[in-house]
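With the working numbering, you'll find the sequence shown wraps up at 322, consecutive numbering, no jumps.
Yeah, the Cβ is synthetic: ideal placement off N, Cα and C, and Gly gets one too.
In this text, all values refer to a predicted model and were calculated from it rather than measured experimentally.
What follows is one structure encoded as structure tokens, with my remarks underneath.
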Amino acid sequence: MYFNGIYHLFYQYNPHGAIWGNIVWAHSVSKDMINWKALKPAIYPSIPSDINGCWSGSATILPDNKPAILYTGIDSEHRQLQNIAYPKNLSDPYLVEWVKPDYNPIIEPVDGINATQFRDPTTAWLGPDNKWRLVVGSIRKHQNRGMAILYRSKDFVHWTRAKHPLHSSKGTGMWECPDFYPVSTKEKLGVDTSVHGNGLKYVLKVSLDLTRFEYYTIGSYRHDLDKYIPDGATPDDKSGLRYDYGNFYASKTFFDAGKSRRILWGWSNESDSQNDDIAKGWAGVQTIPRAVWLDSNGKQLIQWPIEELEALRGKVVSMKNKKLESGGVVEISGIMTS
-15 MYFNGIYHLF YQYNPHGAIW GNIVWAHSVS KDMINWKALK PAIYPSIPSD INGCWSGSAT
45 ILPDNKPAIL YTGIDSEHRQ LQNIAYPKNL SDPYLVEWVK PDYNPIIEPV DGINATQFRD
105 PTTAWLGPDN KWRLVVGSIR KHQNRGMAIL YRSKDFVHWT RAKHPLHSSK GTGMWECPDF
165 YPVSTKEKLG VDTSVHGNGL KYVLKVSLDL TRFEYYTIGS YRHDLDKYIP DGATPDDKSG
225 LRYDYGNFYA SKTFFDAGKS RRILWGWSNE SDSQNDDIAK GWAGVQTIPR AVWLDSNGKQ
285 LIQWPIEELE ALRGKVVSMK NKKLESGGVV EISGIMTS
């Protein structure tokens, strides 16, 4: 999240050890996306609707320039519920303290929703009718159909489920960490999640619990029907487009209003054993942040490491007029390996 000149990174964290469990929202801040300061956890179990864990979610900047965090909490019956939190003190540039209003949870798994497969609310967007929308990942069991359940609200407090999901796909299993956002068809600059009008396409990304891979489609969004329609050129199943073909999961984008770009950040869970994680004291890393925009062909996204990372590079080393024979070796001086 970018707010008042500061970047905020929230991430799933176990304060008691390098194994999964006791999940809270850790919180780090930066002014340059390079140097980060770790703060105390922003959100941790403290109310009935999150007493067994505070799982993934998203941040939304409201029109009065007030951030809100929507997240999944686990209650005493192990139901997955959607909650909201706000900064306690907006004059604090680091937004260290967060409070949870008494009206939590704001969304419950009713009307046939599987209470143990209902999580990860997206950044909300404001429609042309001045109503808020968000989606929550879920699954329709009898078809193994992953889906993004759509909710609407006039006041960001009371949310109503739409008759139909924003989108769904048979045979894809549980959709985790959905992300839905517009991209410009005309330029590389990013756009805010609530922007609508001409010159836009839309991206729907889901993390498939079935395969532990991420897939996205590019398409159009019917605001009048609240329906996402993938383009025919992008397969709408687990053979579709992927952000990354390495160890990359549970990603999230955010709009950086300071530089008018959309930044993608993901999680690499690595491959160490639990014993190794415990021995080294940490598990998993955040991947290099990337700017994302629509390719000129309109069929896929382009990703590139954010420009700030260039500050981490050493002295440029170049060479020319060297002939490399088959099987030969040419020494490049000035480069050190670690």
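Report, in whole angstroms, the separation of the C-beta atoms of residue i and residue j, which I expect to be a contact under 8 Å.
{"i": "Gly157", "j": "Gly121", "result": "11 Å between Cβ atoms; not a contact."}
{"i": "Leu248", "j": "Pro273", "result": "7 Å"}
{"i": "Arg8", "j": "His(-8)", "result": "Arg is not the amino acid found at residue 8; the sequence shown has Val there. Not a contact, Cβ separation roughly 15 Å."}
{"i": "Gly202", "j": "Trp159", "result": "Per the sequence presented here, residue 202 reads as Ile, with Gly not at that position. About 17 Å; that fails the 8 Å criterion."}
{"i": "Glu198", "j": "Ile18", "result": "That pair is no contact at about 25 Å."}
{"i": "Lys84", "j": "Asn67", "result": "6 Å"}
{"i": "Pro93", "j": "Ala99", "result": "4 Å"}
{"i": "Ala108", "j": "Leu23", "result": "So it is not a contact: roughly 24 Å between Cβ atoms."}
{"i": "Ile35", "j": "Asp59", "result": "6 Å"}
{"i": "Lys189", "j": "Ser235", "result": "7 Å"}
{"i": "Pro166", "j": "Leu184", "result": "5 Å"}
{"i": "Gly37", "j": "Pro29", "result": "6 Å"}
{"i": "Asp210", "j": "Ser153", "result": "Actually they do not touch by this definition, with Cβ atoms about 17 Å apart."}
{"i": "Ser168", "j": "Leu278", "result": "7 Å"}
{"i": "Asn128", "j": "Gly155", "result": "5 Å"}
{"i": "Val313", "j": "Lys306", "result": "Not really, about 11 Å apart at Cβ, beyond 8 Å."}
Please return the same chain residues whose Cβ sits closer than 7 Å to the Cβ of residue i, not counting the five positions on each side in sequence.
{"i": "Trp4", "result": "Asn(-2)"}
{"i": "Tyr205", "result": "Tyr186 and Tyr212"}
{"i": "Lys115", "result": "Arg136, Ser137 and Lys138"}
{"i": "Tyr87", "result": "Val141"}
{"i": "His207", "result": "Gly111, Pro112 and His180"}
{"i": "Ala295", "result": "Ile18"}
{"i": "Gly268", "result": "Trp251, Ser252, Asn253 and Glu254"}
{"i": "Ile316", "result": "Val301 and Met303"}
{"i": "Ser244", "result": "Leu173 and Gly174"}
{"i": "Ile90", "result": "Gln66, Asn67, Ile68, Val141 and Trp143"}
{"i": "Trp266", "result": "Ala2"}
{"i": "Gly41", "result": "Ile53, Leu54, Tyr55, Thr56, Asp104 and Pro105"}
{"i": "Tyr233", "result": "Ser191, Arg196, Glu198, Gly250, Trp251 and Asn253"}
{"i": "Arg145", "result": "Asp95, Ile133 and Tyr135"}
For residue i, which residues does DSSP report across the bridge?
{"i": "Asp240", "result": "Arg245"}
{"i": "Ser178", "result": "According to DSSP, Ser178 bridges with nothing at all."}
{"i": "Ala146", "result": "In DSSP, Ala146 forms no bridge with anything."}
{"i": "Leu344", "result": "Since the first and last residues shown for the chain are -15 and 322, residue 344 lies out of range."}
{"i": "Thr44", "result": "Ala52"}
{"i": "Pro77", "result": "According to DSSP, Pro77 bridges with nothing at all."}
{"i": "Glu160", "result": "Ser191"}
{"i": "Ile91", "result": "Gln66"}
{"i": "Ser152", "result": "Met131"}
{"i": "Leu(-7)", "result": "Ser12"}
{"i": "Gln270", "result": "Trp251"}
{"i": "Trp4", "result": "Looking at the DSSP assignment, Trp4 forms no beta bridge with any residue, so it has no partner."}
{"i": "Val83", "result": "Tyr70"}
{"i": "Lys167", "result": "It should be pointed out that residue 167 corresponds to Val in this sequence rather than to Lys. The partner list for Val167 (beta bridge, DSSP) reads Lys185."}
{"i": "Trp39", "result": "None, per the DSSP bridge assignment."}
Please state whether DSSP places residue i in a helix, a strand or coil.
{"i": "Arg127", "result": "Residue identity check: residue 127 is Gln in the sequence provided, not Arg. Looking at Gln127 - three-state DSSP - the assignment turns out to be helix."}
{"i": "Ala275", "result": "strand"}
{"i": "Ser30", "result": "coil"}
{"i": "Ala295", "result": "helix"}
{"i": "Lys24", "result": "strand"}
{"i": "Pro71", "result": "strand"}
{"i": "Ile58", "result": "strand"}
{"i": "Ile286", "result": "strand"}
{"i": "Val141", "result": "coil"}
{"i": "Val313", "result": "coil"}
{"i": "Ser122", "result": "strand"}
{"i": "Leu308", "result": "coil"}
Using a Cβ-Cβ cutoff of less than 8 Å, which residues in the same chain neighbour residue i once the five nearest sequence positions on both sides are dropped?
{"i": "Tyr(-14)", "result": "His(-8), Phe238, Phe239, Asp240, Ala241 and Gly242"}
{"i": "Gly224", "result": "Tyr199, Tyr200, Thr201 and Thr218"}
{"i": "Pro214", "result": "His151, Leu188, Thr201, Ile202, Gly203 and Asp220"}
{"i": "Asp256", "result": "Lys264 and Ala267"}
{"i": "Ile262", "result": "Gly1, Ala2 and Ile3"}
Residues in the same chain with beta-carbon distance under 6 Å from residue i, minus the five sequence neighbours each way, listed in chain order, please.
{"i": "Leu118", "result": "Pro105, Thr106, Ala108 and Tyr135"}
{"i": "Arg246", "result": "Gly174, Thr237, Phe239 and Val276"}
{"i": "Leu79", "result": "Pro71"}
Tell me the start and end of each unbroken beta strand (DSSP E) in the stretch 188 to 264 that is at least 3 residues and wholly inside, in chain order.
197 to 206, 211 to 214, 233 to 240 and 245 to 252
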